[in-house]
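As structure tokens, the structure follows; a few thoughts come after it.
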Amino acid sequence: TGQNVGTPTDATVKDAPYDADAHKPTIKEPTAGDNKVDGTGVPGDTIILKDKDGNKIGEGTVDKDGNYTIPTDRPLEKGEVITATPNTGQNVGTPTDTTVKDAPYDEKAHKPTIKELTEGDNKVDGTGVPGDTIILKDKDGNKIGEGTVGEDGTFITSTTRPLKKDEVITATPNTGQNVGTPTDATVKEAPYDKKAHKPTIKEPTEGDNKVDGTGVPGDTVILKDKDGNKIGEGTVDKDGNYSIKTDRPLKKDEVITATPNTGQNVGTPTDATVKEAPYDKKAHKPTIKEPTEGDNKVEGTGVPGDTIILKDKDGNKIGEGTVDKDGNYSIKTDRPLKKDEVITATPNTGQNVGTPTDATVKEAPYDEKAHKPTIKKPNEGDNKVEGTGVPGDTIILKDKDGNKIGEGTVDKDGNYSIPINRPLEKGEVITATPITGDHMGTPTEATVSDAPKTGGVPTEKNPIESITPTPIPNNGLGSLNDTIKKDLPNNLATNNGTTPLATPNLLNSTVPKTNGQGNLSTLPQTGTENTFTKLLLGLGTMFVALSAFMFKGLRRKNKMN
1 TGQNVGTPTD ATVKDAPYDA DAHKPTIKEP TAGDNKVDGT GVPGDTIILK
51 DKDGNKIGEG TVDKDGNYTI PTDRPLEKGE VITATPNTGQ NVGTPTDTTV
101 KDAPYDEKAH KPTIKELTEG DNKVDGTGVP GDTIILKDKD GNKIGEGTVG
151 EDGTFITSTT RPLKKDEVIT ATPNTGQNVG TPTDATVKEA PYDKKAHKPT
201 IKEPTEGDNK VDGTGVPGDT VILKDKDGNK IGEGTVDKDG NYSIKTDRPL
251 KKDEVITATP NTGQNVGTPT DATVKEAPYD KKAHKPTIKE PTEGDNKVEG
301 TGVPGDTIIL KDKDGNKIGE GTVDKDGNYS IKTDRPLKKD EVITATPNTG
351 QNVGTPTDAT VKEAPYDEKA HKPTIKKPNE GDNKVEGTGV PGDTIILKDK
401 DGNKIGEGTV DKDGNYSIPI NRPLEKGEVI TATPITGDHM GTPTEATVSD
451 APKTGGVPTE KNPIESITPT PIPNNGLGSL NDTIKKDLPN NLATNNGTTP
501 LATPNLLNST VPKTNGQGNL STLPQTGTEN TFTKLLLGLG TMFVALSAFM
551 FKGLRRKNKM N
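Residue numbers for the sequence shown, in the UniProt record's numbering: 1 to 561.
Here it is in structure tokens:
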């Protein structure tokens, strides 16, 4: 005190108690997509960043100025909550939470790149903001492709068609509802790659009329044979396929070549050998045009070149022929076809036998005109009628009054000879009507002619010998004035029953004699025989006249009584 010094006292300054609230950092508003977090805190504090699940996503130190910038392990996501916790030595301060807000869309940042495009490409490559959807369009605004930028920031998008030289395509990025900045690119001409323009040929088969294969879309494919003759031409479609008709069917073992042309450029040709076609029995099945009863040929269709063998139901061959280049055949049969019979057409192709076809012969429509018989000229006194007609037809003969006078059948040679129930009369008309089952053909008429005159002497009995006495009533007694009638042969009786007194041509002729066999005997012409004959004929004529007169008288007497 004054000049005096008292007794000193020592004291140690102890640490102030840790104020956790004083160590509470701030977080500068984070934005979706950020890869760092900024804020302030107590200098020297360690700031640990965690997501809502407590996963550490970053760590850093507050600098001497009280600021921190901490990189994050991943981009921040919109709406997520992050926590910044300060650590001071062993002390842990008060954490701070904040929510990541949606970042304002940056169109310029969302501008993709396009890798150089080449004519014929079927895809577009480039880069962009991960997650962006890239839409490809042509100059007319037509969408030709769509894809997504991967996590590595690249995209590969297939196009709906090959790209064309000098066309402009546009790649537009889309981020949710936001549209970024489009990028344009012009397609450059591709250098012609002959190896790339090498078509394929699907294995060709004997008989094919077309060639199929694949190639570069738009290429013209020209087909040639081994001699360089062009046999077909076509274009590869947008899907890379072609199907080209050939001028002729392909032949077994021939070599065909498919050469691609792209404008003025010629690609790499492809050869193929035509293989033998497996025999297709079903394809070699002919048709038969409906056969009709009586036909002498069978017609139909089949595979050109096939041999068609026709057989009946018993397996007998009835015809053979070849299908022409137009696919038709017409084969003559060994005999007319029969109603309801079944015929079979079997195709043969070399050693191969195709599928047979059967057909049933239908009944022919009845042809009345074809069933019209002929009648051989009939003569008075004939007891039969002859003629021709359709074999098997029944011929019915009738007179002008429709009375049936005969019936018979046409034989297999087409002839008939029908006995009739009475001799034909001069001038009468007879009708021959053909019947075929239930069908009636066309009738034929003919008029009976005079009997033909024949030479020589008739062998009939003497007219007098031919007279048969008529019985007289009343025990042989007639009545007065009765007329006695008797038909005499050769017009000896007149219409009124009287008898002519003279017979011309008999009194002045010589009657020949017959021998024991009924044959005429030639006698020498002597005057005695001629005179004797005349005498006998004269007496006979007188006897007939007297008999008639006596009969007439008796009838009168009977009438008077």
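Heads up, the beta-carbon is just placed ideally off N, CA and C, and yes, glycines get one too.
Note that the structure is a prediction, hence the values are computed from the model and not measured.
For residue i, which residues of its own chain have a beta-carbon under 6 Å away from its beta-carbon, when the five flanking residues on both sides are left out?
i, result
"Asp208", "Leu250"
"Ile57", "Leu49, Asp51, Thr72, Asp73"
"Val429", "Lys400, Glu445, Thr447"
"Thr344", "Lys311, Pro356, Asp358"
"Thr220", "Thr235, Asn261"
"Glu276", "Glu206, Lys252"
What whole-angstrom Cβ distance do residue i and residue j have, given they're in contact under 8 Å?
i, j, result
"Ala22", "Ile47", "Contact doesn't hold; Cβ gap of about 15 Å is too wide."
"residue 567", "Val390", "It is not possible to answer for residue 567, since the shown part of the chain is limited to 1 through 561."
"Ala359", "Ile288", "4 Å"
"Ala432", "Ile375", "5 Å"
"Ile435", "Thr394", "4 Å"
"Val274", "Thr246", "That pair is no contact at about 11 Å."
"Ile309", "Thr346", "5 Å"
"Lys202", "Gly213", "5 Å"
"Pro95", "Asp63", "Wrong, their Cβ atoms sit about 20 Å apart, outside the cutoff."
"Pro378", "Leu424", "5 Å"
"Asp45", "Thr88", "5 Å"
"Asp450", "Glu380", "6 Å"
"Gly240", "Gly215", "6 Å"
Chain C beta carbons: is any one of them nearer than 7 Å to that of residue i?
i, result
"Thr442", "The structure shown has no chain C; it contains just one protein chain."
Considering only residues of the same chain and omitting the five flanking positions on each side of residue i, which have a CB-CB separation below 7 Å?
i, result
"Ala190", "Thr118, Glu119, Gly120"
"Asn4", "none"
"Thr123", "A small correction: the amino acid at residue 123 is Lys; Thr does not occupy that position in the sequence shown. Within the same chain, Lys123 has close Cβ partners Ile156, Thr157, Ser158, Thr159."
"Asp225", "Ile231, Glu254, Ile256"
"Gly145", "Val124, Leu136, Thr157, Ser158, Thr159, Thr160"
"Thr181", "Glu107, Lys108, His110, Lys111"
"Lys325", "Pro304"
"Pro269", "Thr257, Ala258, Thr259"
"His439", "Tyr366"
Taking buried to mean at least 16 other C-beta atoms within 10 Å of its own C-beta, is residue i buried or exposed?
i, result
"Gly427", "exposed"
"Thr262", "buried"
"Thr186", "exposed"
"Ala196", "exposed"
"Val149", "buried"
"Ala16", "exposed"
"Ala272", "buried"
"Thr259", "buried"
"Ala109", "exposed"
"Tyr242", "buried"
"Glu460", "Any reading at Glu460 is ruled out, since the residue's pLDDT is 45, under 50, leaving its predicted position unreliable."
"Pro30", "buried"
"His371", "buried"
"Asp314", "exposed"
"Val13", "exposed"
"Asp279", "Reading the sequence as shown, one finds Tyr at residue 279 and not Asp. Exposed is the call here."
"Tyr416", "buried"
"Tyr105", "exposed"
"Pro373", "buried"
"Thr205", "exposed"
"Thr172", "buried"
"Val342", "exposed"
"Gly387", "buried"
Which same chain residues, not among the five before or five after residue i, have their C-beta less than 8 Å away from its C-beta?
i, result
"Thr69", "Lys36, Val37, Asp38, Gly60"
"Asn91", "Tyr18, Ala20, His23"
"Glu290", "Ala359, Lys362"
"Glu80", "Asp51, Lys52, Thr99, Val100"
"Gly327", "Thr301, Gly302, Val303, Pro304"
"Asp237", "Pro217"
"Thr339", "Going by the sequence as given, residue 339 is Lys instead of Thr. If we look at Lys339 and ignore the five residues flanking it on each side, its Cβ neighbours are Glu293, Val361, Lys362, Glu363, Ala364."
Cβ contact (3+ pairs, closer than 8 Å) linking the segment 436–447 and the segment 405–423: no
Whole runs of the alpha helix (DSSP H) within the segment 259–338, excluding any shorter than 4 residues: none
Touching by the beta-carbon criterion (3+ pairs, under 8 Å), the segment 131–148 and the segment 163–171: yes
4 or more residues per run - each alpha helix (DSSP H) lying fully within the segment 29–113: none
Stretch pair the segment 332–340 + the segment 287–304: three plus CB contacts closer than 8 Å: yes
Within the UniProt region "Disordered" (367–401), ranges of the beta strand (DSSP E) (whole runs, at least 3 residues): 384–388, 394–398
Whole runs of the alpha helix (DSSP H) within the segment 117–177, excluding any shorter than 4 residues: none
Unbroken stretches of the beta strand (DSSP E), 3 residues or longer, contained in the segment 193–269: 210–214, 220–224, 230–235, 241–245, 255–262
Start-end ranges of the beta strand (DSSP E) lying completely within the segment 405–438, minimum 3 residues: 415–419, 429–436
3-residue-minimum beta strand (DSSP E) runs that sit fully inside the segment 341–366, ordered along the chain: 342–349, 357–360
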